[in-house]
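Colleague: One structure is given below, represented as structure tokens, and several questions about it will come after.
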Amino acid sequence: MPKVVHTVAELHKILQPLWRKGEPVGFVPTMGALHAGHVSLMKLSRAGGNVLTVVSVFVNPLQFAPGEDYDEYPRDLGGDVKVARDAGVEVVFAPSVAEMYPRGFVTWTDQDKITEKLCGEHRPGHFRGVLTVVLKLLNIVRPNNAYFGQKDYQQSVVIQRMVTDLNLDMKVHVCPIIREADGLAMSSRNVYLGPKHRTEALVLHQALVRVHELATGGERSVKKLYGEVKRIIGQAKSAKIDYIAIVHPETLEDVNDVSGRTLIAVAVRFGKTRLIDNVLVE
Ligand code: AMP
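Residue 124 in numbering that gives the first Met the number 0 sits at position 125 of the sequence shown, with consecutive numbering throughout.
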């Protein structure tokens with residue numbers, strides 16, 4: 000069984016001997032409701048030469064806007080500990096909100112430009128909350144290697160930028176998207192989908208596979224690729240598109256044509272459930 004700790008002090012007791020000896024620590028930050036996508040990050044940490052892997056489970060209130068799903072977000076620490084055990088993780092860090100944000104907390108981390116696009120445009124304040132909690136967690140765990148999923152592509156860009164800009168001495172690993180057998184990207188939010196929306200949600204992956212095929216086959220027109228994504232997603236009656244983005248993979252600026260590396264990312268609502276997915280055209 001992994002050690003389950005709830006305070007920074009308990010965690011530091013475990014980590015201090017490793018820090019002293021300079022032994023590499025791996026870190027996988029999560030909001031829990033762990034699935035095979037999270038497990039893939041844990042396994043990469045275990046295989047990545049770290050002597051110990053810490054998984055954090057913390058539903059961060061700072062990154063949810065009023066009216067979003069903070070209260071409903073699935074929480075199952077008992078189940079998460081079992082998943083972490085099966086993945087061979089040594090430590091689960093599950094702090095309370097009061098442990099992370101004690102009375103008097105007023106300091107935030109923020110970023111210009113890249114946080115304003117894609118999800119940032121539709122979820123104001125979201126990345127300020129993400130950056131703040133991730134910087135805190137990185138300062139608490141002081142990992143040598145931190146693992147994030149390409150599933151949350153913009154988040155991975157924003158975090159890599161923060162690590163560079165603020166001279167954090169660690170390596171950020173961005174890991175492949177793990178999918179269900181039928182192509183739906185794994186997400187803790189998939190449990191919200193009823194059977195109808197679950198079936199409809201397959202259009203996301205279908206649309207991305209199709210435009211990836213077109214783009215690698217030589218289609219350069221943003222307009223054509225955009226139109227194709229929109230058409231395929233539109234086949235799902237309940238789909239409400241937040242955005243379809245065809246952008247530079249680092250600046251997240253719109254591209255004029257798909258000639259270099261390009262990110263194609265989508266955010267779509269099915270009822271109250273908002274799903275994201277993406278593909279990189281290399
Ligand atoms: P979350 O618990 O949703 O905040 O995710 C925690 C970490 O797991 C983030 O770095 C996510 O990008 C990553 N992650 C979530 N879903 C997947 C997936 N399907 N495949 C790979 N990584 C994922």
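In this text, a Cβ means the ideal position worked out from N, Cα and C, and glycines have one as well. None of the values given here were measured: they were computed from a predicted structure.
When DSSP labels each residue in this structure, what does I177 get in the three-state scheme?
Modeller: I177 falls in the coil class under three-state DSSP.
Colleague: Compute the distance between the beta-carbons of I245 and V254, then report whether it is under 8 angstroms.
Modeller: Yes.
Colleague: Who pairs with L224 in a beta bridge, going by DSSP?
Modeller: DSSP lists no partner for L224.
Colleague: Starting from A46, trace the beta strand (DSSP E) in both directions and tell me its first and last residue.
Modeller: Segment A35 to A46 is the alpha helix (DSSP H) holding A46; no beta strand (DSSP E) there.
Colleague: If you measure between the beta carbons of S258 and R209, is that distance less than 8 angstroms?
Modeller: Cβ atoms of S258 and R209: not closer than 8 angstroms.
Colleague: List the endpoints of the continuous alpha helix (DSSP H) containing T163.
Modeller: Note, T163: alpha helix (DSSP H), Y152 to D164.
Colleague: Distance, Cα to Cα, L192 vs T272?
Modeller: The alpha-carbon atoms of L192 and T272 are separated by roughly 7 angstroms.
Colleague: Assign L165 to one of two classes, buried (16 or more other C-beta atoms within 10 Å of its C-beta) or exposed (fewer than that).
Modeller: Exposed.
Colleague: With 16 as the cutoff for other CB atoms within 10 Å, does K116 come out buried or exposed?
Modeller: That one is buried.
Colleague: Any heavy atom of the ligand AMP inside 7 angstroms of the beta-carbon of H172?
Modeller: Answer for H172: no, Cβ out of range of the ligand AMP.
Colleague: Alpha carbons only, please: which of E98, Q153 and V133 is nearest the one belonging to T114?
Modeller: Answer by Cα proximity: Q153.
Colleague: Residues in its own chain within less than 6 angstroms of V58 by CB, not counting five upstream and five downstream?
Modeller: Excluding sequence neighbours, V58 sits near M30 and Y72.
Colleague: By Cβ distance, which residues of its chain are closer than 7 angstroms to D276, with the 5 residues on each side in sequence left out?
Modeller: Closer than 7 angstroms at Cβ, skipping near neighbours: A184, L203, H204, L207 and V265.
Colleague: Is H176 close to the ligand AMP? I mean its beta-carbon at under 7 angstroms from any heavy atom of the ligand.
Modeller: Rather than His, the amino acid found at residue 176 in this sequence is Ile. True, at least one ligand heavy atom lies under 7 angstroms from that Cβ.
Colleague: Near K196, what residues of its chain come up, given a Cβ to Cβ distance below 7 angstroms and the 5 sequence neighbours on each side ignored?
Modeller: It is worth fixing the name first, because residue 196 is His in this sequence and not Lys. These residues qualify, in order along the chain: S237, F269, G270 and T272.
Colleague: How big is the Cα-Cα spacing for A8 and W107?
Modeller: Computed Cα separation, rounded: 22 angstroms.
Colleague: In whole angstroms, give me the CA-to-CA distance for Y225 and I263.
Modeller: Cα-Cα distance, rounded: 9 angstroms.
Colleague: Does the beta carbon of T163 sit closer than 8 angstroms to a beta carbon anywhere in chain C?
Modeller: Absent from the structure: chain C. Only one protein chain is present.
Colleague: Only counting the same chain, and skipping five residues up and downstream in sequence, which positions put a Cβ closer than 7 angstroms to that of S95?
Modeller: Same-chain partners within the cutoff: H5.
Colleague: For P28, is the beta carbon positioned less than 7 angstroms from some heavy atom of the ligand AMP?
Modeller: It does: the Cβ of P28 is within 7 angstroms (strictly closer) of some heavy atom of the ligand AMP.
Colleague: Hey, how far is the Cα of A214 from the Cα of V173?
Modeller: A214 and V173: Cα-Cα distance of roughly 23 angstroms.
Colleague: Restricting to runs no shorter than 3 residues, where is the beta strand (DSSP E) found entirely within the stretch 56-96?
Modeller: Entirely contained in the stretch 56-96, the beta strand (DSSP E) runs reaching 3 residues are, in chain order, 90-92.
Colleague: Does any heavy atom of the ligand AMP sit closer than 7 angstroms to the C-beta of H310?
Modeller: As shown, the chain starts at 0 and ends at 281. That puts residue 310 outside it, with no answer to give.
Colleague: When burial is assigned at 16 or more other CB atoms within 10 Å of the CB, is N138 buried or exposed?
Modeller: Result: exposed.
Colleague: Are the CB atoms of H34 and V27 within a distance shorter than 8 angstroms?
Modeller: Cβ distance not < 8 angstroms, so V27 and H34 don't count as in contact.
Colleague: Does the pairing of the stretch 126-142 with the stretch 7-22 give three or more beta-carbon distances under 8 angstroms?
Modeller: Judged by Cβ distances under 8 angstroms, the stretch 126-142 makes contact with the stretch 7-22, as three or more pairs qualify.
Colleague: Hey, would you say the C-beta of F92 is under 7 angstroms away from at least one heavy atom of the ligand AMP?
Modeller: No, Cβ of F92 sits at least 7 angstroms from all heavy atoms of the ligand AMP.
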